[in-house]
Ligand SMILES: *Cc1c(COP(=O)(O)O)cnc(C)c1O
């Protein structure tokens, strides 16, 4: 497909600007003024519309293809959520409208949504209160780490370290470090989880927190959580729950009951909302009772008369972590999603996500190496190390999947598994789609034996084929080639 610059025809126009009827004020110094026109493509309106519509149709997305991107929970976003988020009573609200008197009537509904989602999240996680402000998972982690620091400061404890497993998402150590902590990496055992026997040696009076994802990024549930929590609490430390994987346990187990004190959830992973490419997301943070005073300003409260209001008077609060009240549209979608599913529906969601992942694992086990071969939760990690010995790496398998109409799984993460492929089907895929994925993976495993080069050439069905990654790094060229440059190339 041509670049829009290549479709340019001199003099062609997609718009007409009427002549200016106000005096022009030429205050820009001569030296700063443009001396020749910007080189913009000259195209008709219809050409612009077709160009970008066709480009948009080249996207791989959850609306067009299966998208088993482990850890990211690329779940289907039911379309009615978009209608709800677009309702004018919500979408045209301004966050500075008065909360109570006068225009207050306009904001009560939005405040009620914020309040009720926070209440439901408390019920789902076993926390005492939630802040809806953080704008993404990583932002929620940072907020959580800041809350932990505020709690320890308040109690006069100078603690310096946060323990994080070697399988953790990279945002975990980054968040702890930005909040001022040294990160202590804890090794996973041969079952793919933290072992109390190892962690015992790492926990001491410097331990501010243990930061855990559960189930972890290998899709494995740690049955020793209570023991770990007791160990950390015994030295005055706190338990932090990275809730990006809540899709696996929502409605079945509550982090609060497992001994966690601080929880961040990724609404965009567990409660619908399309995500990827940088947002928008929502990473609300919930805390147990002792940390409530430190929650970000402001908190939505329900008054005795049944009205809702924002409470700003919080002297121990860590302050604002985001403008206004978070990504309200995402929170609204989560609200509608939870209302639609209800208590039993949420349990079914988690149950089906886990069932689908175990079905894939069972069918793929004979064809790929399973480094931690246990019953998985909502995702699992394969290793393509045996295929790599024959010259077919995880990357080649991912490219082969693209040719078969499937978005690649997460690759090379977590780093403790060589040639990792992390697969998460979510609850919404049909058995036919799951089977089509398995068939594609089996065919690729067979090609790795019989015709590795076929996979080295993949993808062959996409507008852009295999990129020369070495050249892309060494001879970086991000400019549109003008005819002269093209001649040299
Ligand atoms: C996605 C993810 C995060 C980060 O969430 P973002 O919303 O992308 O910032 C953190 N931890 C885990 C385990 C994740 O899967």
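Numbering (the numbering used here), first residue to last: 682 to 1170.
Every residue gets a Cβ at the ideal spot worked out from N, C-alpha and C, and that includes glycine.
Under 7 Å between C-beta atoms of residue 807 and residue 935
Yes, Cβ-Cβ distance for residue 807 and residue 935 is below 7 Å.
Limits of the beta strand (DSSP E) - the one that residue 1102 falls within
Here the beta strand (DSSP E) through residue 1102 covers 1101–1104.
How far does the alpha helix (DSSP H) with residue 1077 in it extend, from its first residue to its last? For residue 1077, the enclosing alpha helix (DSSP H) begins and ends at 1075–1084.
My output table needs one value for residue 737: the three-state DSSP class, helix, strand or coil.
Residue 737 falls in the helix class under three-state DSSP.
Identity of the residues DSSP links to residue 859 by a beta bridge:
In DSSP, residue 859 forms no bridge with anything.
inquiry  = If we require 4 or more residues per run, which alpha helix (DSSP H) segments fall completely within the segment 812–851?
reply    = Complete alpha helix (DSSP H) runs here, min 4: 818–835.
task: Verify the contact flag: residue 850, CB atom, against every heavy atom of ligand 1, threshold strictly below 6 Å.
output: yes
When the distance is taken between beta carbons, is residue 1080 closer than 7 Å to residue 1139?
Yes, these two residues count as a Cβ contact at 7 Å.
- request: Could you work out which residue in 769, 976, 1052 and 1109 is closest to residue 899 when comparing CA atoms only?
  value: 1052
(request) Taking only the alpha-carbon atoms, compute the straight-line gap between residue 903 and residue 1021 and give it to the nearest angstrom. (result) 31 Å
Going by C-alpha to C-alpha distance, which of 1003, 961, 962 and 986 sits closest to residue 980? 1003
Report task. Indicate whether the contact test is met: 3 or more Cβ pairs, each with one atom in the segment 734–752 and one in the segment 907–916, closer than 8 Å. Result -> Taking a cut-off of 8 Å on C-beta distances, the segment 734–752 does not touch the segment 907–916, as fewer than three cross pairs fall below it.
- Query: Is residue 1002 helix, strand or coil when you go by DSSP?
  - Reply: Residue 1002: coil per DSSP, three-state reduction.
| Near residue 1167, which residues of its chain fall below 6 Å by C-beta distance, leaving aside the five closest residues on each side in sequence? | Residue placement at residue 1167 is poorly supported in this model, since its pLDDT is 45, which falls under 50; the coordinates still yield a value, given next. Counting only Cβ-Cβ distances below 6 Å, and skipping sequence neighbours, we find nothing.
**Prompt:** With distances taken between CB atoms, is the gap from residue 1075 to residue 1102 smaller than 7 Å?
**Reply:** yes
**Asked** With DSSP run on the structure shown, which of helix, strand or coil describes residue 940?
**Response** coil
Quiz prompt | Contact set for residue 1110: own chain, Cβ-Cβ below 7 Å, skip 5 residues either direction | solution = 747 and 1037
Point to revise | 7 Å Cβ cutoff met for residue 1148 and residue 1136 | key: no
_Extent of the continuous beta strand (DSSP E) to which residue 913 belongs_ = From DSSP, residue 913 is part of no beta strand (DSSP E) but of the alpha helix (DSSP H) over 906–915.
**Message:** Tell me the DSSP secondary structure of residue 1117 in three-state form.
**Reply:** DSSP places residue 1117 within a helical segment (H, G or I) once states are collapsed to three.
Problem - Reference residue 805; option with closest CA among 946, 963 and 1154 - result: 946
- Is residue 691 near residue 723, with beta carbons less than 7 Å apart? yes
Next item on the list: Output the distance between the C-alpha atoms of residue 971 and residue 1019, rounded to the nearest integer angstrom.
Entry: 28 Å
Exercise. Report all residues from its chain with a CB closer than 6 Å to the CB of residue 1170; omit the five preceding and five following residues, and keep chain order.
Key: The predicted position of residue 1170 is uncertain, since its pLDDT is 42 and thus under 50; a value taken from the coordinates is nonetheless stated next. Answer for residue 1170: no residue qualifies.
inquiry  = Counting C-beta neighbours from all protein chains within 10 Å, is the total for residue 1160 16 or more, i.e. buried, or is it exposed?
reply    = Here residue 1160 is exposed. Its C-beta has fewer than 16 other C-beta atoms within 10 Å.
| query | Taking just the CA atoms, how far does residue 714 sit from residue 955? | reply | Near 43 Å, if we compare the C-alpha coordinates of residue 714 and residue 955.
- Does the beta-carbon of residue 853 have 16 or more other beta-carbons within 10 angstroms, so that it is buried, or is it exposed? buried
Beta-carbon proximity of residue 818 to residue 925, cut-off 7 Å: At the C-beta level, residue 818 and residue 925 come within 7 Å of one another.
| Spatial distance of residue 1000 from residue 830 (CA atoms) | 13 Å
**Prompt:** Leaving out five residues before and five after residue 1073 in sequence, what residues of the same chain have Cβ atoms less than 6 Å from its Cβ?
**Reply:** 1129, 1133 and 1136
- Item | Cutoff 7 Å; reference residue 1122; Cβ partners in own chain excluding five residues on either side | 1045 and 1048
- prompt: Does at least one heavy atom of ligand 1 sit under 6 Å from the Cβ of residue 819?
  reply: Yes, the beta carbon of residue 819 sits closer than 6 Å to at least one heavy atom of ligand 1.
If you follow the beta strand (DSSP E) that residue 1061 is in, where does it begin and where does it stop?
1061–1064
What would DSSP say about residue 1146, mapped onto helix, strand or coil?
coil
ask   = For residue 688, which of helix, strand or coil comes out of DSSP?
value = helix
For this session: Give the DSSP-derived three-state secondary structure of residue 1043 in the structure shown.
Result: helix
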